[in-house]
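Data block below; observations after.
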DNA sequence: AATGAATGAGCGTTCATTCAT
DNA sequence: GATGAATGAACGCTCATTCAT
């Protein structure tokens with residue numbers, strides 16, 4: 058009976074990959090990643106058959122964490138705007154608390170080594186959150202534009218806003234609010 | 058005397074670099090770029106002392122083209138909204154007409170091989186366009202947020218919009234308008 | 058665990074380097090050296106982090122072998138002149154038996170890629186031999202010139218002598234003796 | 058009628074080559090040498106068909122200058138020892154006054170790109186000086202060893218002595234004398 | 001004759017991956 | 001399962017030399 062794969066090592070590898078990819082881009086070498094994770098070069102390949110697999114798994118892992126965060130319960134009695142504001146705040150907060158992961162994600166999104174399939178898988182993980190936001194926008198935005206606001210604008214606008222906050226951390230409150238206002242007012246029918 | 062540097066070859070190299078970087082990221086090899094440009098590997102380095110120089114020059118080149126496009130005259134008698142709509146349309150049109158350049162730009166922006174200095178140089182090239190947009194927003198948006206709307210939101214939102222259009226080219230008109238509306242309504246005081 | 062570094066391969070690399078550097082100078086390529094050693098190009102760099110390291114290690118290695126040879130016991134009852142003659146003979150013999158190593162050494166000494174530190178390390182390895190020679194010269198040479206004779210003249214004169222022998226191997230005995238006589242008589246007070 | 062080759066440019070190229078080879082070894086690039094000489098890369102090759110030719114011509118040039126120096130008249134009435142001392146002094150003085158040329162020479166001697174023919178040509182240039190030294194040693198050294206002393210020892214010993222002086226310039230007088238004494242006393246029959 | 005752009009082989013080095021231990 | 005030595009194809013870049021100007 059062989060030794061089982063250690064979840065701990067897998068995690069260390071993903072974290073090391075996240076750090077190094079954030080820093081150096083997807084060109085970060087497997088040797089460096091393995092070393093940063095405290096395992097040998099060969100071990101990386103028992104957890105991820107190839108570097109592409111590591112990249113894709115990392116992408117899914119990070120998106121998955123974000124999706125989990127978004128899934129936390131929302132106060133159902135709050136107004137649509139207020140619930141959407143919570144979505145917005147969670148997005149921003151997660152990004153600021155996971156800035157390396159976010160940087161890594163940026164690199165991964167832009168790389169053609171992350172497959173369409175991985176992207177699709179991640180998209181699916183946001184199904185519930187998406188539905189929730191859909192409800193929030195239901196009475197507020199033009200129905201035919203709702204898909205555009207959610208799928209195209211919301212997350213990307215949050216990303217932009219986070220970049221602005223990252224550049225001027227002291228103005229976080231103001232920028233965060235300005236970003237939300239832009240989205241809310243801009244999406245009004 | 059001797060043979061003069063050929064602007065044609067320089068152009069071919071930049072174009073080849075643009076294509077391959079759009080496709081493969083900044084990891085695209087100088088050998089491939091030279092081959093695609095129809096010159097020998099060594100020749101690349103007579104035009105660009107190093108790959109980093111090529112990357113930076115390409116970045117500046119692309120941004121410069123975009124900046125030129127934005128600089129074309131605007132009808133001074135048009136309303137603020139209409140003039141901003143022209144800005145928006147030019148941005149989108151340029152992006153759609155130069156989709157590889159835009160993809161390459163995306164990769165370059167995300168790479169730390171493009172220096173702060175190059176980014177600064179490009180930022181400066183948009184000074185006039187920026188002033189113009191500032192005037193458009195003057196009576197429309199809250200004064201303290203105008204900088205945020207221009208420096209952080211406008212171009213990035215256009216990028217997002219272009220991505221959406223690229224994914225669904227048939228809905229171009231609709232998406233382009235939805236993006237503009239979001240910006241205009243969202244930025245109203 | 059894993060495969061241990063093979064002392065055999067390291068040796069083969071150093072020997073191949075010695076041969077090729079003797080022949081072609083320090084410009085001998087790592088690819089040629091690896092091939093001559095029967096390992097792949099990459100393997101060279103698992104044994105020596107860089108070509109400079111290889112060069113320095115080789116320098117130290119060769120000097121070390123020579124130093125070992127010189128360290129063999131000397132008949133304590135022999136006269137100063139006779140003991141010095143043994144030093145001289147060992148020097149010449151080593152040189153003739155290791156003519157490629159000696160040629161390589163010549164190239165390495167002349168290269169600025171061999172660091173001051175490596176040279177210092179090697180100098181130190183001859184400390185005991187140096188002391189012995191010092192004793193031999195003690196009653197024979199002018200005290201203020203002993204350092205000059207040892208540090209500057211002895212080894213270099215042996216080198217010159219070896220070159221002469223290499224050019225006319227048949228006259229080895231005569232040349233070897235002539236070289237020694239020059240040193241012994243020339244250094245007399 | 059084509060433009061004649063300029064002796065000035067040829068000289069500048071040889072001098073630049075001397076400097077750079079002294080500094081960087083024979084690996085110094087033709088481009089750097091041309092630049093240092095203030096001519097274009099291509100021009101180097103109208104004066105020297107190949108880098109090997111440049112190397113060989115430089116070797117001959119430097120040796121030739123030294124040979125010229127040695128050829129200056131000697132006081133015929135002086136004793137053999139005194140005349141030999143003049144030879145020795147000129148050798149040392151030339152070396153100290155032309156330290157870059159000497160360093161370059163060292164690199165060239167050790168390189169297999171300098172052909173046996175070039176070496177032979179240089180050897181021949183010292184014919185007269187050699188005869189003169191031969192006369193000086195005639196009544197002093199064992200006849201069968203005179204060739205060894207002249208061809209093998211004299212110049213090389215001077216080289217060694219110069220290195221020692223270069224390392225400790227303040228002790229020039231002492232070292233220069235010690236070197237000569239070693240040669241004179243060492244070569245006595 | 002002079003120039004320097006053009007060339008492609010070669011350089012030292014890195015890399016993802018394999019496999020003996 | 002874990003290790004890290006082994007591999008050889010690429011990589012970015014340099015070079016001696018050629019040749020259009």
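Protein chains in written order, with our numbering: chain A, 58 to 246; chain B, 58 to 246; chain C, 58 to 246; chain D, 58 to 246. Every residue gets a Cβ at the ideal spot worked out from N, C-alpha and C, and that includes glycine.
What would DSSP say about residue 84/A, mapped onto helix, strand or coil? coil
Run through DSSP, which three-state label would residue 155/C get? coil
Using a cut-off of 9 Å between C-beta atoms, extract the partners of residue 23/B located in chain A. For residue 23/B there is no data in the structure shown, the boundaries of chain B being 58 and 246.
Exposed or buried, what is residue 221/D when buried is set at 16 or more other beta-carbons lying within 10 Å of its beta-carbon? buried
Looking at the structure shown, is residue 58/D part of a helix, part of a strand, or coil, going by DSSP? Low per-residue confidence applies at residue 58/D: pLDDT is 40, beneath 50, and the placement is therefore not dependable, though the value from the model is reported in the following sentence. Residue 58/D falls in the coil class under three-state DSSP.
Can you confirm whether residue 205/C, when its beta carbon is compared against all beta carbons of chain D, has any partner nearer than 8 Å? yes
beta-carbon residue 243/D near the ligand MG non-hydrogen atom, thresh 7 Å: No copy of the ligand MG occurs in the structure displayed, which carries no ligand at all.
First and last residue of the alpha helix (DSSP H) that includes residue 104/D? 98-104
Between the Cα of residue 134/D and the Cα atoms of 156/D, 154/D, 193/D, which residue gives the shortest distance? 193/D
Would you tell me roughly how many angstroms separate the C-alpha atoms of residue 174/C and residue 114/C, rounded to the nearest one? In a straight line, the C-alpha of residue 174/C is about 11 Å away from that of residue 114/C.
Along the chain, where does the alpha helix (DSSP H) that runs through residue 133/C open and close? Here residue 133/C belongs to no alpha helix (DSSP H), and DSSP marks it neither H nor E.
Straight-line CA distance for residue 163/D to residue 165/C? 12 Å
Between the Cα of residue 236/C and those of 201/C, 158/C, 211/C, 73/C, spot the shortest distance and give me the residue it belongs to. 211/C
Answer yes or no: does any C-beta atom of chain D fall closer than 8 Å to that of residue 202/C? It does; some Cβ of chain D falls within 8 Å.
Could you tell me which chain A residues have their CB closer than 8 Å to the CB of residue 238/B, listed as they occur along the chain? 243
Contact between the segment 181-200 of chain C and the segment 118-128 of chain C is defined here as three or more beta-carbon pairs at a separation below 8 Å; is this criterion met? yes
Are residue 207/B and residue 228/B closer than 8 Å when you measure CB to CB? no
Secondary structure at residue 218/A, three-state DSSP: helix, strand or coil? If DSSP states are grouped into helix, strand and coil, residue 218/A belongs with the helices.
Checking contacts by CB at 8 Å: is residue 235/B closer than that to chain A? Yes, residue 235/B lies at the interface with chain A (some Cβ there is under 8 Å from its Cβ).
Please decide whether residue 221/B counts as near chain A, where near means a Cβ-Cβ distance under 8 Å. yes
Looking at the structure shown, is residue 79/C part of a helix, part of a strand, or coil, going by DSSP? helix
Residue 196/A lies in the alpha helix (DSSP H); which residues open and close that run? It is not in any alpha helix (DSSP H) - residue 196/A carries neither H nor E in the DSSP assignment.
Output, in sequence order along the chain, the residues in the segment 172-187 of chain D whose CB is closer than 7 Å to any CB in chain C. Along the segment 172-187 of chain D, there is no position whose C-beta sits under 7 Å from a C-beta of chain C.
Just the chain D side, please: which residues come within less than 7 Å of residue 167/C by C-beta, in chain order? The contacting residues are 163, 164, 167.
Contact with chain C by residue 58/D, beta-carbon distance below 8 Å: Bear in mind that the predicted position of residue 58/D carries a pLDDT of just 40, short of 50, making it unreliable; the figure below should be weighed with that in mind. Answer no: the Cβ-Cβ gap between residue 58/D and chain C never drops below 8 Å.
For residue 209/C, return the contacting residues in chain D, with the cut-off set at a CB-CB distance below 7 Å. 217, 221, listed in chain order.
Quick one: is residue 84/A near chain B, going by C-beta distance under 8 Å? Interface residue, yes.
Just mark residue 225/D as buried or exposed, buried being the case when its beta carbon has 16 or more other beta carbons within 10 Å. Burial call: exposed.
Alpha carbon to alpha carbon, how far is residue 109/A from residue 120/B? Give it in angstroms, no decimals. 31 Å
Flag this pair as yes or no: are the beta carbons of residue 242/C and residue 243/D separated by less than 8 Å? yes
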